[in-house]
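Sequences listed follow chains A and B, in order. If you're matching positions, the first sequence starts at 0 in numbering that gives the first Met the number 0 and goes up one per residue. If you're matching positions, the second sequence starts at 0 in numbering that gives the first Met the number 0 and goes up one per residue. All residues carry an ideal CB built from backbone N, CA and C; glycine is no exception. Just so you know, these numbers come straight off a predicted model, no measurement behind them.
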Amino acid sequence: MQAVTTVDAWNGGGKLTGNLQKGAHKFLVGIDFEHIYKDGDKQMTMKMIMEGDTFISVKHANVWLNAMVNNTGAFAEYRIPFKKLDFTVALRLDYNQATSEDTFRLVKNGIAYFDDLNSNYINVSFSLGMKKQLVSWLFLSASLGKGTRSPSILERFIKLMPVQYDSYDYLGNPQLKPENNYQADASFEFLEPDLGSLSVGGFFSLVTDYIIGKVVPPSVIKPSTQGSPGVKQFSNTNKVYLTGFEVSYQSPTAKKLGFLAQVAATYGTQPEAVKYLVSGGQVIGEEIVKNDPLPEIPPMEGKVKVSYKFFSGKLTPTVSVRLVSEQNRISQSYGELKTPGFITAAASVSYAPCRFAFIVAGIENIFNTPYYEHLNRRIVGSTERLYEPGRVFYFTMIVKI
Amino acid sequence: MKERLQFFMSVLILIFLVKILSACKKEDKTTTETTTGKIIFSMNHQVNGLPLKENELIYTNEAGNEYLISEVKYFISDVTFYRHDGSKKVIGDWKDIFYVDENIQETKTIRFYDKIQAGTYDSITFVFGISEQKNKSFMFVNPPEVNMFWPEVLGGGYHYMMINGKWKDTTGVTQPFNFHLGIGQLYQGNTTNVDSIYGFVQNYFTVHLPGSGFTMKEQGTLTFNLSMNIEKWFANPQVFDFNYWGGAIMQNQAAMQVIKENGWDVFTITR
């Protein structure tokens, strides 16, 4: 069997902003607009030789049919100095419209999986942030906010294509609701010109109507991509939690010896999720999993980079090491796989002979380590992961005219 | 001005915290269904009451053809359990079409996802093959089901059954046969040229299983042995003679009609 999909996609938009400043008060306003259009067709061909005769069967199916999303936004930000604090208040309004001329409908056992194709949402997002200089070398920042994200054109209208990291065919959901993210974060920044800067931050967020792929029974719809184990449909789940931290240190940029160290991690949890029970290759039941890790969350990652500036910075060799831990917090309900950790190293030399030219040569993955990222796609038709490239040599020259 | 600003910010923070706390409240746990049970079909293939031995020329059918079987694969669908109170349960909460292949062990045990209400059931039926409403081309894209494809020009969808093997013809030469069942075609004249097709015939049929009544207990699991008695495809009510019909019948509706009519008692069920 063969399948070929052709898609026409169009994405355009614009943004207009204005600034106003009076003393320490800063005011920013703006509007933006985005238009996304997709139309595509999948042609499937089956060639069979039976009893001496050759039979060719062809099927056409659209993966999009004149699907459109328009988003019009207006935003404003106000920075206010208030009692030795810098406050920032931001507000954003979005009007999101989606439509499609799809003729496909999927309503089964009273459940409308893919039916009413029009949806319009007015989304309100806001944030409130503050920054305070506690002492001359220490800053505290904190913010609260609510962000609302309308479902994308893919999440609304895609039809049976493996568009996520797993091998499942995905079905859009025209009646998805927007995701709401309620987030609080705080960070400390230590700034000392002779010692460098150290930043420590963390966040917590609650996301309601979180959009995630959920398996649809094969009695309702079957995949149309060879190698795909089934169909997942984008759906709103009740709520999920995300929390994480980031620590980074940067040595003073004025010094010849440069040092950068970063470490960051995010943890996500679904309080309740459905896990399908499989026996002998068959789904035989389901169970509720409590506090299931959210799928598709990258593992903890750190990076260390050392450089040295020769000839007033004209020649700079750099060595960096990337350390990624294994990802064992995997979603049972999503059927996610564990990913082993890895360490890779890279080296480069940059040279700026004059202000018009800049040359960089280097090696990525010096030790030719075999590895793959947690978010790498699986090879369709298997549970095998796609590996990242091995040792790579590169050379870049930039000439400024 | 400063007081108003403080008030405005306090209200915003309060709204935010209330939203988080309200979302964090505990919800009722899902109750476990305890008044249902599970059913498993263990599929097996027999000839004359004994387990099928593949690739051995040891069988003789009603027409006197000596034959061997090398492959047995087919679909059953819409398995239905009829309750004593007149209601019925059609399997399909997860899967409604099941592929069975003598050479693929995991296809020979069908564990139904559906929960079966406890109580007394009078009988079990299923569709042999796939109904017209569900049998659509390209609905299976992965092996082994995809290998059952039935060409679009011959009616589309998928084979209901493939039994492949060999028989010894009247001259004593062993010939291959493809004992296949699927959508039949009606041809104008005496040709089987696809350009002369003027209609299609749905050859799927419903199998009623005598003695299939049972009682499902709460949280019980029942395993049924569902046997295909292959010799019965060739007899009762009509004798199927390979020397008459030949080894290729996909474009021979008359031959497929014989298979369809003979299929009524091919399956037996025991516990």
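Could you give the first and the last residue of the continuous beta strand (DSSP E) run that contains residue i?
| i | result |
| --- | --- |
| Ile96 of chain B | 96-100 |
| Asn224 of chain B | 220-228 |
| Ile342 of chain A | 341-353 |
| Gly183 of chain B | 183-186 |
| Gly17 of chain A | 1-21 |
| Asn235 of chain A | 230-249 |
| Val316 of chain A | For clarity, residue 316 of chain A is Pro in the given sequence; the question names Val instead. Segment 314-323, the beta strand (DSSP E) holding Pro316 of chain A. |
| Asn272 of chain A | Strictly speaking, residue 272 of chain A in this sequence is Ala, with Asn absent from that position. Ala272 of chain A -> beta strand (DSSP E) spans 256-278. |
| Ser204 of chain A | 195-215 |
| Thr205 of chain B | 204-208 |
| Pro297 of chain A | Unbroken run through Pro297 of chain A: none, as it is neither H nor E. |
| Gln386 of chain A | According to the sequence as given, residue 386 of chain A is Tyr; it is not Gln. That residue, Tyr386 of chain A, is in no beta strand (DSSP E); it is neither H nor E in DSSP. |
| Ser122 of chain B | 118-127 |
Alpha helix (DSSP H) containing residue i: first to last residue?
| i | result |
| --- | --- |
| Tyr243 of chain B | 241-244 |
| Phe156 of chain A | 152-156 |
| Ile258 of chain B | 252-261 |
With residue i and residue j assumed to form a contact (beta carbons below 8 Å), what rounded beta-carbon distance in angstroms separates them?
| i | j | result |
| --- | --- | --- |
| Lys14 of chain A | Asp31 of chain A | 4 Å |
| Ser136 of chain B | Glu151 of chain B | 5 Å |
| Met299 of chain A | Ile358 of chain A | Incorrect: roughly 35 Å between the Cβ atoms, too far for contact. |
| Tyr159 of chain B | Gly128 of chain B | 3 Å |
| Gln232 of chain A | Lys274 of chain A | No, Gln232 of chain A and Lys274 of chain A are not in contact; Cβ-Cβ is about 17 Å, not under 8 Å. |
| Ala200 of chain A | Ser186 of chain A | First, the residue type needs correcting, since residue 200 of chain A is Gly and not Ala in the sequence shown. Correct: roughly 3 Å between the Cβ atoms. |
| Ser226 of chain B | Gln104 of chain B | Not really, about 16 Å apart at Cβ, beyond 8 Å. |
| Lys302 of chain A | Met138 of chain B | Not a contact, Cβ separation roughly 48 Å. |
| Glu65 of chain B | Leu56 of chain B | 6 Å |
| Tyr58 of chain B | Leu67 of chain B | 7 Å |
| Phe351 of chain A | Phe394 of chain A | Checking the displayed sequence, the identity of residue 351 of chain A turns out to be Ala instead of Phe. Not confirmed; about 15 Å, so no contact. |
For residue i, count neighbouring Cβ atoms within 10 angstroms of its own Cβ and tell me buried if that reaches 16, exposed if not.
| i | result |
| --- | --- |
| Pro292 of chain A | buried |
| Arg110 of chain B | buried |
| Ser135 of chain A | exposed |
| Asp168 of chain A | buried |
| Gln269 of chain A | buried |
| Val391 of chain A | exposed |
| Met255 of chain B | buried |
| Asn192 of chain B | exposed |
| Asp114 of chain A | exposed |
| Leu153 of chain B | buried |
| Cys23 of chain B | Any reading at Cys23 of chain B must be qualified, since the residue scores a pLDDT of 43, below 50, and its modelled position is unreliable; the value itself is stated next. Cys23 of chain B comes out exposed. |
| Ser9 of chain B | The pLDDT assigned to Ser9 of chain B is 49, lower than 50, so where the model puts this residue is not dependable; a value taken from the coordinates is nonetheless given after this. So Ser9 of chain B ends up on the exposed side. |
| Val6 of chain A | exposed |
| Glu144 of chain B | buried |
| Ser56 of chain A | buried |
| Ser44 of chain A | According to the sequence as given, residue 44 of chain A is Thr; it is not Ser. Label assigned to Thr44 of chain A: exposed. |
| Gly267 of chain A | buried |
| Lys37 of chain A | buried |
| Glu101 of chain B | buried |
| Pro192 of chain A | exposed |
| Lys28 of chain B | Below a pLDDT of 50, predicted positions are generally treated as unreliable, and Lys28 of chain B, at 37, falls in that range; the measurement from the model is reported next regardless. Result: exposed. |
| Trp9 of chain A | exposed |
| Ala253 of chain A | exposed |
| Phe366 of chain A | exposed |
Can residue i and residue j be called in contact, C-beta distance under 8 Å?
| i | j | result |
| --- | --- | --- |
| Arg321 of chain A | Thr343 of chain A | yes |
| Ala247 of chain B | Asn202 of chain B | no |
| Ser149 of chain A | Asp93 of chain A | yes |
| Ala345 of chain A | Glu363 of chain A | yes |
| Leu170 of chain A | Leu153 of chain A | no |
| Thr96 of chain B | Phe74 of chain B | According to the sequence displayed, residue 96 of chain B carries Ile and not Thr. It is a contact, given that the beta carbons lie within the stated cut-off. |
| Ser41 of chain B | Thr222 of chain B | yes |
| Asn242 of chain B | Asp168 of chain B | yes |
| Gly198 of chain B | Leu180 of chain B | no |
| Phe341 of chain A | Val323 of chain A | yes |
| Thr317 of chain A | Ser347 of chain A | yes |
| Phe133 of chain B | Gln116 of chain B | Contrary to the premise, residue 133 of chain B reads as Lys rather than Phe in this sequence. Result no, Cβ atoms of Lys133 of chain B and Gln116 of chain B do not sit closer than 8 Å. |
| Glu295 of chain A | Tyr164 of chain A | yes |
| Pro236 of chain B | Glu260 of chain B | yes |
| Asn65 of chain A | Ser118 of chain A | no |
| Pro173 of chain A | Leu105 of chain A | no |
Which residues does DSSP pair with residue i in a beta bridge?
| i | result |
| --- | --- |
| Asn95 of chain A | A:Asn70, A:Tyr120 |
| Lys88 of chain B | B:Phe80 |
| Ser56 of chain A | A:Met45 |
| Val46 of chain B | B:Leu49 |
| Arg148 of chain A | A:Glu178 |
| Met27 of chain A | For clarity, residue 27 of chain A is Leu in the given sequence; the question names Met instead. BP columns for Leu27 of chain A point to A:Asn18, A:Glu76. |
Compare the C-beta of residue i with all C-beta atoms of chain E and state if any pair is closer than 8 Å.
| i | result |
| --- | --- |
| Gly212 of chain B | Among the chains of the structure shown, chain E does not appear; the protein chains present are A and B. |
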